[in-house]
Each structure stands twice: as C-alpha cells, then as structure tokens.
Amino acid sequence: MKNPFHVMIIPTLGCPGRCKYCWSSDVNSPKMTLATAEAIVRWLEPLQDQRVTFTFHGGEPLLAGPEFYREVLPMIEKRLPHLSPEFAMQTNLWLMTDELAEILSSHHVPLGSSIDGPKDLTDYQRGDDYFERTLAGYRTATAHGLLVRFICTFTNSSVERKEEIVEFFRSQGWGMKLHPALPSLKGDNPNEWTLSPTEYGELLVYLLDAALANPDDLEIMNINDLCRCVFTRSGCVCTYADCMGTTFAIGPNGDIYPCYRFVGMPEWVMGNVHDAPTVEMLMQTQAGVRMLAFKDHVDSACKDCAHINYCRGGCPYNALAGDADASGVDPHCVAYKRIFDEITARMEAEMQAAPAVPAGARVSRVRRKEKPGVMMLMRKIVEK
Ligand code: SF4
Ligand code: SF4
Numbered sequence: 001m002k003n004p005f006h007v008m009i010i011p012t013l014g015c016p017g018r019c020k021y022c023w024s025s026d027v028n029s030p031k032m033t034l035a036t037a038e039a040i041v042r043w044l045e046p047l048q049d050q051r052v053t054f055t056f057h058g059g060e061p062l063l064a065g066p067e068f069y070r071e072v073l074p075m076i077e078k079r080l081p082h083l084s085p086e087f088a089m090q091t092n093l094w095l096m097t098d099e100l101a102e103i104l105s106s107h108h109v110p111l112g113s114s115i116d117g118p119k120d121l122t123d124y125q126r127g128d129d130y131f132e133r134t135l136a137g138y139r140t141a142t143a144h145g146l147l148v149r150f151i152c153t154f155t156n157s158s159v160e161r162k163e164e165i166v167e168f169f170r171s172q173g174w175g176m177k178l179h180p181a182l183p184s185l186k187g188d189n190p191n192e193w194t195l196s197p198t199e200y201g202e203l204l205v206y207l208l209d210a211a212l213a214n215p216d217d218l219e220i221m222n223i224n225d226l227c228r229c230v231f232t233r234s235g236c237v238c239t240y241a242d243c244m245g246t247t248f249a250i251g252p253n254g255d256i257y258p259c260y261r262f263v264g265m266p267e268w269v270m271g272n273v274h275d276a277p278t279v280e281m282l283m284q285t286q287a288g289v290r291m292l293a294f295k296d297h298v299d300s301a302c303k304d305c306a307h308i309n310y311c312r313g314g315c316p317y318n319a320l321a322g323d324a325d326a327s328g329v330d331p332h333c334v335a336y337k338r339i340f341d342e343i344t345a346r347m348e349a350e351m352q353a354a355p356a357v358p359a360g361a362r363v364s365r366v367r368r369k370e371k372p373g374v375m376m377l378m379r380k381i382v383e384k
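One point on numbering: in the numbering used here, the residue at position 55 of the sequence shown is 55, and numbering is uninterrupted.
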C-alpha cells in the first residue's frame with residue numbers, strides 16, 4: 001500500500017447531497033471542533049517515525065469550512081513531521097470555493113470526487129443537479145491547480161450502461177476509479193443498489209479489456225491496482241491488505257473507529273482521541289478484537305486460495321455487512337477470484353509467448369510490436 005498507516009478524519013457525517021445508495025451521511029451530525037483536531041495531533045505525536053496518510057472524509061468534509069483547514073493542515077505538518085504527512089480528501093465538491101481551493105492547494109491535497117457517468121445517469125443515482133454542482137466545484141478546484149479524480153459508483157442499474165460510462169470517462173480525459181455499490185450495516189434497505197459479486201467480477205474483466213484497448217487515453221485505477229497486487233504479490237489498497245491496526249477513522253467528536261465505514265456506530269467505537277489511547281489499547285477493545293478475528297479467520301478460510309497474499313479475504317466491513325456465505329469473508333470473493341484468475345492467466349500466457357530477446361537486440365523495438373496486455377500495463381505503471 002502507498003502508506004500503510006492511514007488516519008481518516010471525518011469532520012462531520014453531514015452532507016448537502018442525497019445520493020440514493022449512500023449510507024454514511026447523517027443530517028444531525030455535529031462538526032469537529034479545532035480542540036478535537038488538536039487532540040488527534042496530540043494522540044499521534046508519540047507514534048514512531050513512519051509515513052502516514054490523512055484522508056478527510058465524510059459525510060461531506062468541506063462542511064468543516066476554510067477556518068478548519070487553515071488551522072488543521074499546517075498543525076499536522078508542523079507537529080507531526082516524523083510522520084511525513086500526506087493528505088487526501090473525498091468530497092462531492094459542491095462547497096468548493098476559491099478560498100478553500102487555495103488552502104487545499106497550498107498543502108497539496110489531492111481530491112477524490114464522485115461522478116457516475118453522463119449527467120442523466122449521475123443525477124438519477126445521486127439526485128437532481130448533482131452533476132452540475134460537482135462539475136462547478138471541479139472547475140474551481142482545478143483552476144487552483146488541485147488534482148481531482150473521480151470515483152464512479154456502479155450499481156445494479158448503471159452496470160447496464162457500462163460501455164457508455166467508460167466512453168464518457170475516456171472522452172473527458174478523467175482517470176476513473178470504480179466503486180461497486182456496497183451493502184451496508186446501516187439503512188432500511190441497504191442492498192437495493194448493490195452490484196452482485198458475479199456482476200462485479202464480469203465488470204472488472206470488462207474494464208480490464210477496456211483499459212488494455214485504450215492504453216493512451218483511459219486510466220482505470222482499480223485495474224492498475226489489481227495488476228499491481230498480482231505482480232507484486234501483495235495487497236496495494238486496503239481492500240486487499242490487512243487494514244486492522246493500521247487504519248483508524250476519527251469521528252466528529254474524536255471517537256476512534258476501525259475505518260470510516262463504521263463511523264457513527266457505537267458498537268464499533270474503540271476509544272477517543274482526547275484519552276490518547278495507544279494502538280495496542282485500541283486493538284484490545286471489542287471492536288479491535290473483532291477486526292483481528294477477521295484476519296485470523298482469513299488465514300484459515302482462504303488458506304487454499306492462490307490469491308490469499310494479495311487479497312486477504314477482501315474488506316472486513318463488507319464481510320460483516322454483506323450476506324456472506326459460510327466462508328465469512330468478503331462476499332465479493334467471487335469477483336476477486338474472477339479478476340485475479342484472469343490477470344494471472346493473461347500474465348502467464350504473455351510471459352510464455354514473449355519472444356526471446358537476442359543478446360544485443362534493442363528491447364524497445366521488440367516492445368513496439370507487442371499487443372497491449374497486462375505486462376504492458378504493468379510497465380506503464382512502473383514507469384509512472
Ligand atoms: S474496513 Fe474495508 S474499506 Fe475500511 S480500511 Fe478495511 S478494507 Fe478498507
Ligand atoms: S479471492 Fe476469495 S478465497 Fe481468495 S483470498 Fe480473496 S476472499 Fe479469500
């Protein structure tokens with residue numbers, strides 16, 4: 001993974017949007033105070049030297065306002081230099097202003113936002129005017145030099161239009177990150193939009209082919225990540241790595257959870273930053289023990305799977321929230337196996353078919369004739 005230690009800061013669960021499949025907003029949520037933000041920094045000061053990513057998430061993190069970020073970003077940088085802090089933010093961009101963009105830009109905060117495809121499709125899934133409001137924020141953010149990438153959520157409805165969605169991202173020149181509509185532990189009908197594991201697996205294979213067919217003008221980040229996982233034989237995003245003990249989310253009042261997806265659920269509170277608990281103390285709480293139990297469970301449930309080292313049973317939250325089968329791992333196991341098998345098979349076939357390079361031959365001439373394949377994609381990722 002980029003930085004193994006990951007702190008997610010959730011300044012509020014409030015959000016002005018009303019996306020139909022979102023289970024992580026709460027209109028009555030309070031906003032994090034500067035005192036709580038300072039307590040986060042104090043809590044992390046004793047941590048040993050290592051690289052830490054701080055992701056501002058929500059709800060909608062821009063609701064915290066410019067004063068919050070003007071204080072908090074430099075406070076983290078100045079008081080936690082031994083953690084070489086890197087920042088990120090996940091936002092719908094509706095509240096982006098020149099002032100906020102300037103603050104975020106001066107601290108090099110890359111932004112992730114969400115657009116599900118063409119305007120009609122995005123507004124159908126995310127509510128009227130979502131598309132235009134996000135696009136307006138995008139223009140403000142990029143005018144200040146901020147990097148913005150879009151997550152595209154595929155639901156059981158939008159997957160029917162996958163060709164159109166991919167073409168939309170390609171024609172806009174936007175990097176695309178796929179997010180399948182996921183089951184939730186919250187809400188009355190949390191599976192209404194969920195993509196089935198089989199559909200998700202087929203979608204991943206479709207996107208692999210789309211990425212390979214458009215190597216110069218379509219970047220699908222999940223496909224890059226999945227290829228990297230197989231190639232390096234280690235999980236390079238949280239879903240395919242053991243996140244327990246290295247990822248924590250801090251809710252608006254300073255409560256600590258195993259991940260942003262648990263924020264607001266009292267049974268998943270591990271402690272509070274104002275009490276400055278150690279990581280060991282957090283992992284001894286009921287929530288910590290449940291997370292560690294998942295890791296142990298994967299070691300036995302997935303022990304015969306060829307992909308265990310770079311899948312690790314998938315996401316523990318999904319395993320808890322979904323209709324997991326008897327294996328008790330992430331119900332998207334079917335999809336993960338499908339795409340990992342596909343990438344492995346193609347990689348092996350390409351390696352076997354690769355022409356032997358005679359001594360002294362110019363490798364670049366050999367590569368130029370090569371058909372786009374996963375090995376070519378890997379080389380592009382490494383060169384980047
Ligand atoms: S619970 Fe799932 S989403 Fe959260 S950090 Fe772990 S793998 Fe990632
Ligand atoms: S693909 Fe399935 S069986 Fe294999 S490690 Fe992942 S969750 Fe376990």
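Ideal Cβ positions, reconstructed from N, Cα and C, are used throughout, including at glycine.
Under the three-state DSSP convention, the category residue i falls into
| i | result |
| --- | --- |
| Ser114 | strand |
| Ala306 | coil |
| Cys229 | helix |
| Pro180 | strand |
| Val366 | Caution applies to Val366, whose pLDDT of 48 falls short of 50 and renders its modelled position unreliable; the value that the coordinates give is listed next. Helix, per DSSP. |
| Ile223 | helix |
| Met347 | helix |
| Ala324 | Here Ala324 scores only 49 on pLDDT, less than 50, and its place in the model should not be relied on; the value that follows carries that caveat. Three-state DSSP puts Ala324 in coil, outside helix and strand. |
| Thr55 | strand |
| Asp49 | coil |
| Met32 | coil |
| Gly65 | helix |
| Gly271 | strand |
Enclosing alpha helix (DSSP H) for residue i [first to last residue]
| i | result |
| --- | --- |
| Thr134 | Tyr130 to Ala143 |
| Ile165 | Lys162 to Gln172 |
| Ile381 | Val374 to Glu383 |
| Tyr240 | No alpha helix (DSSP H) holds Tyr240; DSSP gives it neither H nor E. |
| Asp217 | Per DSSP, Asp217 belongs to no alpha helix (DSSP H) and is neither H nor E. |
| Leu93 | Leu93 -> no alpha helix (DSSP H), and no H or E assigned at all. |
| Met283 | Val279 to Met283 |
| Thr122 | Lys119 to Arg126 |
Residue range of the unbroken beta strand (DSSP E) whose run includes residue i
| i | result |
| --- | --- |
| Cys152 | Val148 to Phe154 |
| Met244 | It is not in any beta strand (DSSP E) - Met244 carries neither H nor E in the DSSP assignment. |
| Val109 | No beta strand (DSSP E) holds Val109; DSSP gives it neither H nor E. |
| Glu86 | Glu86 to Gln90 |
| His297 | It is not in any beta strand (DSSP E) - His297 instead sits in the alpha helix (DSSP H) that spans Gln286 to Ala301. |
| Ile9 | Phe5 to Ile9 |
| Tyr257 | Asp255 to Tyr257 |
Pair within 8 Å by beta-carbon distance, residue i and residue j
| i | j | result |
| --- | --- | --- |
| Trp94 | Thr55 | no |
| Pro180 | Pro11 | no |
| Phe131 | Cys152 | no |
| Ala101 | His57 | no |
| Tyr240 | Ala249 | no |
| Phe340 | His307 | yes |
| Cys15 | Gln125 | no |
| Gly127 | Glu60 | no |
| Asp255 | Val237 | no |
| Gly201 | Arg312 | no |
| Pro4 | Thr246 | yes |
| Val166 | Leu195 | no |
| Leu104 | Val148 | no |
| Thr142 | Asp98 | no |
| Leu203 | Phe150 | no |
| Pro331 | Leu212 | no |
Test: residue i CB closer than 8 Å to a CB of chain C
| i | result |
| --- | --- |
| Val334 | The structure shown contains no chain C; it holds only a single protein chain. |
> Using the beta carbon as the reference atom, which residues fall closer than 6 Å to any heavy atom of ligand 2, ordered along the chain?
Replying inline: Output, sorted by chain position: Cys302, Cys305, His307, Ile308, Cys311, Gly313, Gly314, Val329, Asp330, Cys333, Tyr336 and Lys337.
> Counting pairs of Cβ atoms below 8 Å between the region 215 to 230 and the region 342 to 349, do you hit three or more?
Replying inline: In short, these stretches touch, since the Cβ pair count reaches three.
> Are at least three pairs of beta-carbons, each pair with one atom in the region 256 to 268 and one in the region 277 to 290, less than 8 Å apart?
Replying inline: Two segments are said to touch when three or more pairs of C-beta atoms, one from each, lie closer than 8 Å; by this definition the region 256 to 268 touches the region 277 to 290.
>> Within 8 Å, do at least three Cβ pairs link the region 68 to 85 to the region 272 to 281?
In response: Not touching, per the Cβ criterion.
> Between the region 41 to 48 and the region 86 to 93, are three or more C-beta pairs nearer than 8 Å?
Replying inline: The answer is no - the region 86 to 93 does not touch the region 41 to 48, with fewer than three Cβ pairs under 8 Å.
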